[in-house]
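When we follow numbering that gives the first Met the number 0, the leftmost residue of the sequence shown carries the number 0, and every step to the right adds one.
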Amino acid sequence: MDEVEADIRKQLAACYRLAAQFGLTDLVSTHISASVPGTADILINRYGLLFHEVTASNLLRMPIDGPRLGSVNPAGALIHTAIHGARPDVGCVMHTHTVAGVAVSCQEDGLLPISQHALQFYAGIAYHDYEGIALLDGEKARLVSDLGEHRVMILRNHGLLVAGRTVAETFTLMVNLERACQIQLRAQASGATLTFPSPDTCALTARQHEGFAGQPVGEAEWQALVRDLRRTDPEFEA
């Protein structure tokens with residue numbers, strides 16, 4: 000194993016541990032993948048492990064176009080190989096089934112532009128209609144088509160998906176997307192009339208989020224999170 004793959008393994012394992020800390024898990028049912036630079040392979044979790052059990056060394060490497068590994072969630076294999084295979088710009092894909100994310104995915108209007116967190120994704124969210132558990136190869140083309148060039152997609156009646164350039168970007172976008180969903184549900188539950196910023200303000204805010212403070216999306220947050228993880232849960236690098 001070369002140093003590049005070893006580093007990606009550590010980053011992805013950190014992402015799993017942090018997802019567990021942030022409550023972004025659904026028993027053993029969801030998945031995060033990362034591409035192995037310079038190859039047509041991805042890294043993904045072994046089915047049956049809780050996210051806080053994932054380490055750099057127990058991540059599985061599988062080819063995008065090859066046979067699916069029996070130890071990988073078959074729905075996860077379909078979703079992740081489809082996106083990585085169609086989008087060479089994507090370095091990491093994260094899919095969640097959180098209560099807030101699924102609840103918003105069930106709403107006809109999807110994510111509403113009502114909070115600063117939501118405005119990060121203004122005019123930047125794709126939607127994919129529910130087709131059942133993602134086990135049929137025919138869905139791959141529709142997943143890819145619906146995602147298009149977007150980084151974020153809401154899987155209707157199912158959950159959330161982020162396809163970022165880096166692990167750092169992917170995790171940070173997912174945290175912010177999840178928070179936007181939580182805020183929306185709280186605001187709706189209050190029964191108060193919702194206020195919507197103007198379209199110009201929404202578009203401006205979305206632009207302001209891209210590369211905030213002159214750094215790549217998520218980089219500052221990721222470095223801080225990994226520093227803390229190395230203090231509190233260093234086993235992820237094993």
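Quick reminder that beta carbons are idealized off the backbone N, C-alpha and C, glycines included.
query                                                                                                                                   : result
Nearest-angstrom Cα separation, counted from Ile113 out to Glu2                                                                         : 43 angstroms
Through-space distance from Thr97 to Gly22, alpha-carbon basis                                                                          : 8 angstroms
Coarse secondary structure for Gly118, derived from DSSP in three states                                                                : The amino acid at residue 118 is misidentified as Gly; the sequence shows Leu. Note: Leu118 maps to helix in three-state DSSP.
Cα-Cα separation, Ser104 to Lys9                                                                                                        : 31 angstroms
6 angstroms Cβ shell around Glu168 - same chain, five flanking residues per side excluded                                               : Val216, Gly217
Every unbroken alpha helix (DSSP H) inside the stretch 11 to 68 [4 residues or more]                                                    : none
DSSP beta-bridge partners of Ala162                                                                                                     : Val92
Helix, strand or coil at Val71 according to DSSP, with G and I counted as helix                                                         : coil
Contacts around Glu4, its chain only, beta-carbon distance under 6 angstroms, and the 5 residues preceding and following it disregarded : Val35
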